[in-house]
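K.L.:
Heads up, the working numbering is the position in the sequence shown plus 5, with the first residue counted as 1.
Supplied in structure tokens, the structure appears directly below.
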Amino acid sequence: MEHTKWHQLNDEELRETLGVSPQEGLTDEAAAEKRKIAGSNELSEGQRISPITLLLNQFKDFMVLVLMGATLVSGLLGEYLDAVTIVAIIVLNAILGFVQEFRAERSLRALKQLSAPAAKVLRSGQEVHLAAKQLVPGDIIMVESGDRIPADVRWLETNSLDVEESALTGESVPVSKHCRPIASDDVPLGDQKNIGFMGTMVTRGTAKGVVIRTGMDTEMGKIADLIQNTEEQETPLQHRLEQLGKILIFVALGLTVMVVVAGILHGQPAVGMFLAGVSLAVAAIPEGLPAIVTIALALGVQRMIKRKAIVRKLPSVETLGCASVICSDKTGTLTQNKMTVTNVWLEGRSIKVTGDGYAPEGHMLENDRIIELKNDQSLRRMLQISALCNNASIVETIVNDPASKKKSKESKKESKKGRKNGQQEEEQVSANQVLWELKGDPTEGALVAMASKMGLAPAGLKELYDREQEFPFDSERKRMSVMIKHQGGRMVYTKGAPDVLIEHCSYILWEGKVVPFTGTLRQKVMAANESMAGNALRVLGMAYREVKPKEHVADEHAAESQLVFVGLAGMIDPPRREVRDAIATCRKAGIRTVMITGDHGTTAEAIAHQLGILPRGGASLSGQQLAGMTDEQLDKTVNDIYVFSRVSPEHKLRIVKSLQRKGHVVAMTGDGVNDAPAIKAADIGIAMGITGTDVTKEASSLILSDDNFSTIVAAIEEGRNIYENIRKFIRYLLASNVGEILTMFFAMMMGLPLPLVPIQILWVNLVTDGLPAMALGVDQAEKDLMEHKPRGAKENIFARRLGWKIISRGVLIGLCTLGAFWLTLQAAPDHPGQLIKAQSVAFATLVLAQLIHVFDCRSSRSIFHRNPLQNKYLVLAVISSVVLMLVVMYVEPLQPIFKTVPLGLREWAICIVAAGIPTFLMGAGSVWGGRRNRRRMGGSGRFVPKSTKFSA
């Protein structure tokens, strides 16, 4: 039965295929036999990894293994402080990695929560309540409003049945279901109107159906399977750092061996050179790099929380920084998932309705002028029909906003320092957020909101108007009517599809009077309807009639005859207000936004045009067209498609993978269950925190706690800044390490004594390298960060001349340190204490050169481009490093340990001048290169550092 086209079968064929009577249901014995074949109606979680295995996996990383080796060597050398520091780094990284991965695989448990816990089932002709997991194919079930459908079901009987399927299909409004066979062979999920899907919610009506699929065979089960079999992508940062670690190990070991060999060949003691070489090797390997990266990412996470984004996986912050495509679901992500009336057509007048969502805030405008309801009885009539021919309600709720409350507390503290009381009170009010929640059908909710905006709240109207009778909406009638009693009289209010409704109308309300519904007026109504529908609006018509005093209204046919047509209401799930600007910012940053939705193509394209996603000449593709394409064909066209409509979860996954094959770093946003597989497969998955399902959140890397698409832009900026900061401290650390190694190497090649002793090398590595590098990790972004295209996913970490900057600066630091050492040594070459003084000068010069260089690392241009005092953490780190250097040089008990002596003014002058030469020489080269570049561009071009080799 795996390939059975269930939507095509009639009742007789269903009975034969499943071997069940709709009146009796299965017997317990038959159900038990079927369960042996089909299994339990549950979603599998797949193979789970034990916590112990997860923890041990954290120690398999190449860089971690190298650091463990460095720990062993440090311990053997007696450098226990270094060894303890490295062990702490390893343990910290392992704990963070374990926590992240342990939380990552809860998607399927969240998905299981969407399945119904119990079901009403017909067994042996008796209605019984069973656990949903006991259902089997062939079971007859009954559902009603508020029930979650427990399995995939083919409907046998429906009574005004509407089902909310947006989480599964992306359809923005509940779907009206029926029980008739559908002749078409290949029907998208959203159009399978005679089938109910596991986990979706009945919003109206009742139904009886037969279970056709259970457990992992259901559409929800297919999503669970996709999640299980979708591998999470290694982030670009993880990949680059692993590559960097391997490169550094081999380079450092190679240079260290060369230093040791050169020293021995020039007559240095073999044991001393070996100890110096090992110290140099330990110093050359930037064991602090993983910790600094982790700290930079963790602090980025804290900043993101303040900007309403919750990061579940640390590296994902950086990954978003190189995103080149954002694939976004429409419903609930780009749009509000709140149907809203935007246009009304009444008596030939076009009326605009302002305000979004279900809040009773907005106006009705005609020719940009606010309409006063007291002067417009025709509009009042239409709003009465909207509010009273309606079963929805909108409830005001007060929600505690922890973020706002925190902000309020902060404002209290600041107010004590002199802030104005008015501002404090304003922020305290924001701690409570008012939400308007819909109870019922979204289409009816839109009509209730429209009436409420004009002061006709349903609660107040229902006190004046009593409902006597209702003739409910269903997919065949396509209309709904109620009979209302008011002040001794009765009225029929009707709403429905315009093309159906006008067939029951004999009159029309025109210029405040009831006149015959002539052919000309009908044409005007249908033209207005087509115009609204052409703008992707869902259109409903409104009509009424007065019931005569002694008239008996037996059924809907009697009620819905001789109606007076009033007008049309056009509604849409509107775009979020902030999204258009956010998409424009993404475009400026070289990032393409692609809409992927289960909604209809016309609606999707209209929203895409409004938001600026779909450019003129831009293409769209339907799920049906996508299904007929091979992966190779999709790869050829995927870069030209901006809108994908009527797509299934499998389609979304194919689109993401196709974009990845084309070299894109893909961010996927969404809120429904149908988005979860693609979100997990994307380089970074983004879920909506308020409207998002638990499944989507668990599959994601980033959660937007305010459901605000523009938060993604903030995350992109944060990601780019974090990556640039990582490049900054890599530049700083490696240039410093190159300087240390070359100082030793040049000295050995020249036959000079050791300029630095092992303990000094390790001290520089631990103190001077560590503190400033951490401060660079939290540096502020440069102003033009979001004006560049995203870097490539495979971009080398040394790209954009970073390798040249590291080597050139390292060479200069090494030469200047060695020069200071040589000058001091030559001042009194035969003096017995001159060597230790020269080594102290070399130590101080190396430290100061690195600390001056760290300010230059803040800019991709030169040290003169940014305010050096802007990063207060960096200033504090540099001051701390200088103080600690002076401590080991001037505190007598430490001098014999670190082999240092106090320096005089002459030596300090040599140190300061030698330390400043590398940075100021290269900085001057950058400025000169920039001026030459501007002259070449006529004085109007922006400085491009790549124009000169002196752009370090």
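Beta carbons are placed, not taken as given, at the ideal position from N, Cα and C, and that holds for glycine.
Can you tell me where the alpha helix (DSSP H) holding S457 begins and where it ends?
P.N.:
Stepping through the sequence shown from its first residue, residue 457 is reached at position 452. Start and end: P447 to K458.
K.L.:
Taking the continuous beta strand (DSSP E) assigned at K125, which residues delimit it?
P.N.:
Here residue 125 refers to the residue found at position 120 of the sequence shown. Taken as a continuous stretch (DSSP letters only), the beta strand (DSSP E) holding K125 covers A123 to R128.
K.L.:
My understanding is that S650 touches G628, with C-beta atoms under 8 Å, so please give their C-beta distance in whole angstroms.
P.N.:
One-based indexing of the sequence shown puts residue 650 at position 645. One-based indexing of the sequence shown puts residue 628 at position 623. Indeed, because the Cβ distance is near 7 Å, the residues count as touching under 8 Å.
K.L.:
Please state whether DSSP places A541 in a helix, a strand or coil.
P.N.:
Within the sequence shown, residue 541 is the residue found at index 536, counting from 1. Residue state, collapsed to three classes: coil.
K.L.:
DSSP on C821, reduced to helix/strand/coil?
P.N.:
Numbered from 1 along the sequence shown, position 816 holds the residue referred to as residue 821. Reduced to three states, the DSSP call for C821 is helix.
K.L.:
Report yes if the CB atom of L889 is closer than 8 Å to the CB atom of V880, and no otherwise.
P.N.:
Locating residue 889 in the sequence shown gives position 884, counting from the first residue. Locating residue 880 in the sequence shown gives position 875, counting from the first residue. The answer is no: Cβ separation not under 8 Å.
K.L.:
Which residues mark the beginning and the end of the alpha helix (DSSP H) in which M749 is found?
P.N.:
Against the sequence shown, residue 749 aligns to sequence position 744. S715 to M754 is the extent of the alpha helix (DSSP H) around M749.
K.L.:
Classify F903 as helix, strand or coil using the three-state DSSP reduction.
P.N.:
The count along the sequence shown starts at 1 and reaches residue 903 at position 898. In the structure shown, F903 sits in a helix (DSSP, three-state: H, G or I).
K.L.:
Under a Cβ-count criterion, where at least 16 other Cβ atoms within 10 Å of its own Cβ denotes burial, should E745 be classed as buried or exposed?
P.N.:
On the sequence shown, position 740 is the one that residue 745 refers to. Result: buried.
K.L.:
Okay, do the segment 526-534 and the segment 458-470 touch, 3+ Cβ pairs below 8 Å being the bar?
P.N.:
The segment 526-534, when compared against the segment 458-470, does not touch it at the 8 Å Cβ threshold.
K.L.:
Looking only at its own chain, which residues have a Cβ that is under 7 Å from the Cβ of I38, when we skip the five neighbours before and after it?
P.N.:
Here the question's residue 38 lines up with position 33 in the sequence shown. Residue identity check: residue 38 is Glu in the sequence provided, not Ile. Hits under 7 Å: none found.
K.L.:
S625 bridges to which residues according to DSSP?
P.N.:
Here residue 625 refers to the residue found at position 620 of the sequence shown. S625 is bridged to V648.
K.L.:
Return the Cβ separation of Y549 and V571 in integer angstroms, given the expectation that the two are a contact with Cβ distance under 8 Å.
P.N.:
Here residue 549 corresponds to residue number 544 of the sequence shown, with the count starting at 1. Here residue 571 corresponds to residue number 566 of the sequence shown, with the count starting at 1. Confirmed, Cβ separation roughly 6 Å.
K.L.:
Can you check DSSP and say which residues form a bridge with I689?
P.N.:
Numbered from 1 along the sequence shown, position 684 holds the residue referred to as residue 689. Answer is A672, bridged to I689.
K.L.:
Decide if the segment 741-755 is in contact with the segment 709-722; the criterion is three or more beta carbon pairs, one per stretch, under 8 Å apart.
P.N.:
The segment 741-755 is not in contact with the segment 709-722.
K.L.:
Along the chain, where does the alpha helix (DSSP H) that runs through K657 open and close?
P.N.:
Sequence index remark: in the sequence shown, residue 657 carries index 652 (1-based). Taken as a continuous stretch (DSSP letters only), the alpha helix (DSSP H) holding K657 covers P654 to R666.
K.L.:
Please name the residue in G143, N46, G250 and L61 whose C-alpha comes closest to that of W11.
P.N.:
Walking along the sequence shown from the start, residue 11 turns up at place 6. When each option's Cα is compared against that of W11, the closest is G143.
K.L.:
Going by DSSP, which residues form a beta bridge with Q474?
P.N.:
Counting from one through the sequence shown, the residue named residue 474 turns up at place 469. Answer is M488, bridged to Q474.
K.L.:
Return the first residue and the last residue of the beta strand (DSSP E) that R20 is part of.
P.N.:
As a working mapping, residue 20 is identified with position 15 in the sequence shown. No beta strand (DSSP E) contains R20, which is instead part of the alpha helix (DSSP H) from D16 to L23.
K.L.:
Mind reading off the beta-carbon distance from I601 to D334? Whole number of angstroms is fine, and I expect it under 8 Å.
P.N.:
For this step, residue 601 is matched to residue 596 along the sequence shown. For this step, residue 334 is matched to residue 329 along the sequence shown. The Cβ separation is near 6 Å, so the contact holds.
K.L.:
Are Y737 and L771 closer than 8 Å when you measure CB to CB?
P.N.:
Position 732 of the sequence shown, counted from the first residue, corresponds to residue 737. Position 766 of the sequence shown, counted from the first residue, corresponds to residue 771. The answer is no: Cβ separation not under 8 Å.
K.L.:
Write down the C-beta distance between G337 and T696 rounded to the nearest angstrom, noting that I regard them as a contact closer than 8 Å.
P.N.:
Here residue 337 refers to the residue found at position 332 of the sequence shown. Here residue 696 refers to the residue found at position 691 of the sequence shown. So it is a contact: roughly 5 Å between Cβ atoms.
K.L.:
Do the segment 338-352 and the segment 575-584 meet, that is, are 3 or more Cβ pairs less than 8 Å apart?
P.N.:
Contact holds: three or more Cβ-Cβ distances are below 8 Å.
K.L.:
In or out: L440 buried (at least 16 other Cβ within 10 Å) or exposed?
P.N.:
Here residue 440 corresponds to residue number 435 of the sequence shown, with the count starting at 1. Burial call: exposed.
K.L.:
Roughly how many angstroms separate the alpha carbons of K444 and K733, rounded to a whole number?
P.N.:
Sequence index remark: in the sequence shown, residue 444 carries index 439 (1-based). Sequence index remark: in the sequence shown, residue 733 carries index 728 (1-based). Cα to Cα, the separation comes out at about 53 Å.
K.L.:
What is the residue span of the alpha helix (DSSP H) that T850 lies within?
P.N.:
For the purposes of this step, residue 850 is identified with residue 845 of the sequence shown, where counting begins at 1. Per DSSP, T850 belongs to the alpha helix (DSSP H) from Q839 to D861.
K.L.:
If you draw a straight line from the C-alpha of A541 to the C-alpha of V519, how long is it?
P.N.:
To locate residue 541, count along the sequence shown from 1; it is residue 536. To locate residue 519, count along the sequence shown from 1; it is residue 514. Answer to the nearest angstrom: the Cα atoms are 30 Å apart.
K.L.:
So, is R4 buried or exposed, given that buried needs 16 or more other C-beta atoms within 10 angstroms?
P.N.:
Only positions 6 to 957 of the chain appear in the structure, and residue 4 is not among them; the question remains open.
K.L.:
Identify, in the order they occur along the chain, each residue of the same chain with its Cβ nearer than 7 Å to the Cβ of G450, setting aside the five sequence neighbours on each side.
P.N.:
Looking up residue 450 in the sequence shown gives position 445. Around G450: M344, Y363, A397, I399 and L443.
K.L.:
If you compare alpha carbons, which of C510, R725 and Q615 is closest to A563?
P.N.:
As a first step, residue 563 is located in the sequence shown; it is residue number 558 there, counting from the start. Per the Cα distances, C510.
K.L.:
Helix, strand or coil: which one does DSSP assign to G921?
P.N.:
Translated into positions along the sequence shown, residue 921 becomes position 916. G921: helix per DSSP, three-state reduction.
K.L.:
Would you mind giving the Cβ-Cβ distance between R153 and G204, rounded to the nearest angstrom? I have them listed as a contact below 8 Å.
P.N.:
Sequence index remark: in the sequence shown, residue 153 carries index 148 (1-based). Sequence index remark: in the sequence shown, residue 204 carries index 199 (1-based). 6 Å between Cβ atoms; contact.
K.L.:
In angstroms with no decimal places, state the Cα-to-Cα distance between V762 and G282.
P.N.:
As a first step, residue 762 is located in the sequence shown; it is residue number 757 there, counting from the start. As a first step, residue 282 is located in the sequence shown; it is residue number 277 there, counting from the start. Rounded to whole angstroms, V762 to G282 spans 10 Å at the Cα level.
K.L.:
Answer with yes or no whether the minimum CB distance from S653 to chain B is below 8 Å.
P.N.:
No chain B appears in this structure, which consists of one protein chain only.
K.L.:
Report, in whole angstroms, the separation of the C-beta atoms of D215 and I145, which I expect to be a contact under 8 Å.
P.N.:
Mapped onto the sequence shown, residue 215 falls at position 210. Mapped onto the sequence shown, residue 145 falls at position 140. Residue 215 is actually Val in this sequence, not Asp. Confirmed, Cβ separation roughly 6 Å.
K.L.:
In three-state terms, what does DSSP make of Q528?
P.N.:
Residue 528 sits at position 523 when you count from the first residue of the sequence shown. The answer is helix: DSSP assigns Q528 an H, G or I state.
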